[in-house]
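A.B. asks:
Residue numbers (the working numbering): 277 to 677.
1) For residue 539, which residues in the same chain have their Cβ closer than 7 angstroms to its Cβ, ignoring the five residues on either side in sequence?
2) Quick one: what does DSSP say residue 550 is sitting in, helix, strand or coil?
3) According to the neighbour-count rule (16 or more other Cβ atoms, all chains shown, within 10 Å of its Cβ), is residue 345 buried or exposed?
4) Verify whether the separation of the beta carbon atoms of residue 488 and residue 496 is less than 8 angstroms.
5) Does the beta-carbon of residue 567 have 16 or more other beta-carbons within 10 angstroms, so that it is buried, or is it exposed?
6) Tell me which residues share the same chain as residue 657 and place their Cβ nearer than 7 angstroms to its Cβ, disregarding the 5 neighbours each side in the sequence.
7) Terminal residues of the continuous beta strand (DSSP E) containing residue 567?
8) Which first and last residues belong to the alpha helix (DSSP H) in which residue 333 is found?
9) Could you check if residue 403 is buried or exposed, using at least 16 other CB atoms within 10 Å of its CB as the buried criterion?
10) Who are the near neighbours of residue 420 in its chain, counting only those whose CB is closer than 8 angstroms to its CB and skipping five residues on each side?
11) Are there 16 or more other CB atoms within 10 angstroms of the CB of residue 666, so buried, or fewer, so exposed?
12) Using CA coordinates, which residue listed in 416, 410 and 595 is at the minimum distance from residue 423?
13) For residue 569, tell me which candidate among 585, 615 and 534 has the shortest Cα-Cα distance.
14) By a C-beta neighbour count over all protein chains shown, 10 Å radius and 16 as the cutoff for buried, is residue 430 buried or exposed?
15) Report yes or no: do three or more beta-carbon pairs, one from the stretch 300 to 308 and one from the stretch 328 to 341, lie closer than 8 angstroms?
16) If I follow the unbroken alpha helix (DSSP H) through residue 573, where does it start and stop?
17) For the beta strand (DSSP E) holding residue 460, just list the boundary residues, first then last.
18) Starting from residue 617, follow the alpha helix (DSSP H) in both directions and report where the run begins and ends.
19) Pick out whichever of 562, 601 and 579 has its Cα sitting closest to the Cα of residue 237.
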């Protein structure tokens with residue numbers, strides 16, 4: 277058993293008891309020494325050893341997965357909770373609702389969805405159950421099933437309109453386009469578009485199931501919202517790099533603020549993408565590679581981080597440029613997480629999107645040429661035109677028909 281477990285990891289990882297594989301090997305050895313490998317091992321016994329190794333719960337999770345693959349794990353009662361929840365839901369839901377196995381979160385959303393549906397009177401409740409069945413891929417035409425969380429969100433968004441029609445003594449067969457338009461008029465742009473999306477989903481499903489004769493949302497259109505980029509005040513950006521703690525945070529914020537590289541793209545950069553000899557950075561966007569030409573400040577930020585990376589993790593196997601103590605020797609070699617890169621911007625009280633948009637808008641104020649923005653930042657031409665028109669409203673082109 278130990279040989280089968282350790283065969284998947286390099287010897288150096290197993291020798292380091294602080295790493296997840298090393299700690300997991302210690303936990304597995306202790307379990308096999310205590311109870312053997314001839315009977316199922318209770319999951320609670322595995323979890324009880326989390327405090328005995330540096331990697332803690334991460335190591336015990338690795339052992340639990342390993343034992344479960346070999347049918348040598350006796351799950352805790354908690355592992356049966358999703359099935360129990362699903363059984364409870366099925367007792368309350370009519371037989372038309374499909375019997376689908378769900379996870380713990382999806383089971384909670386399913387129960388909450390049907391609890392909300394039963395609050396509506398018949399026949400509206402029956403119509404909503406039919407809509408939920410269609411969303412789950414069990415209608416007249418099969419398609420990919422939507423998550424219960426999405427169906428629940430749609431129902432929550434549409435509930436005010438449904439309640440209004442219910443108070444008027446109507447069901448969904450009696451709703452007309454004028455009724456739908458009157459409900460949409462109660463909300464501003466964003467909420468109105470969300471309501472229209474939810475109502476379209478409901479009425480299209482009922483039309484497909486032939487429960488209504490006409491879709492009242494067909495042909496309804498709302499004006500698209502226009503989100504203009506906003507510049508940041510100079511006092512919020514002044515000295516931002518000096519307020520950051522550590523070379524990793526300075527590199528993340530610096531690449532976004534200076535070269536308009538998106539934060540998620542910074543996280544995906546590999547060691548091979550940084551070429552200090554030629555002072556370039558290769559940003560991969562699908563099959564396209566955008567080359568960023570580093571200035572003196574940016575080159576210094578990359579060099580500072582590489583020195584820190586080599587000092588802290590000389591044996592790192594993760595090929596990404598940015599790594600943490602949790603990912604530097606991770607078998608799957610993941611990039612840094614959203615929380616790790618967002619923490620850098622939290623130090624200066626800004627969002628990555630704000631810094632990215634401010635950099636492009638500043639460049640657009642210096643030039644009215646969208647082609648320059650496309651070449652410099654590698655952005656879509658439509659985005660470049662939008663920023664140029666925001667920076668120079670007097671030079672905006674008339675709408676193209």
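The beta-carbon is built from N, C-alpha and C at its ideal position, and this holds for glycine as well.
C.D. replies: On the basis of the coordinates in this document:
1) Excluding positions up to five away in sequence, the list reads 528, 532, 617 and 628.
2) If DSSP states are grouped into helix, strand and coil, residue 550 belongs with the strands.
3) By the Cβ-count criterion, residue 345 is exposed, with fewer than 16 other Cβ atoms from all chains shown falling within 10 Å of its own Cβ.
4) No, these two residues do not count as a Cβ contact at 8 angstroms.
5) Answer is exposed; the Cβ neighbour count stays below 16.
6) Only 646 and 650 meet the Cβ criterion.
7) Judged by DSSP secondary structure, residue 567 falls within the beta strand (DSSP E) whose first and last residues are 564 to 569.
8) Residues 333 to 345.
9) Counting the other Cβ atoms within 10 Å of the Cβ of residue 403 gives 16 or more, which makes it buried.
10) Listed in chain order, the non-local C-beta contacts of residue 420 below 8 angstroms within the same chain comprise 413, local neighbours out to five positions each way being set aside.
11) It counts as buried.
12) If you compare the alpha carbons of 416, 410 and 595 with that of residue 423, the shortest gap goes to 410.
13) A check of alpha carbon separations from residue 569 across 585, 615 and 534 identifies 534 as the nearest.
14) Burial call: buried.
15) At 8 angstroms Cβ cutoff, the stretches touch.
16) Looking at the DSSP string, the run of the alpha helix (DSSP H) that includes residue 573 is 572 to 588.
17) Counting along the chain, no beta strand (DSSP E) covers residue 460; the unbroken alpha helix (DSSP H) around it starts and ends at 453 to 460.
18) In this chain, the alpha helix (DSSP H) harbouring residue 617 covers 614 to 622.
19) Only positions 277 to 677 of the chain appear in this structure, which leaves residue 237 out of reach.
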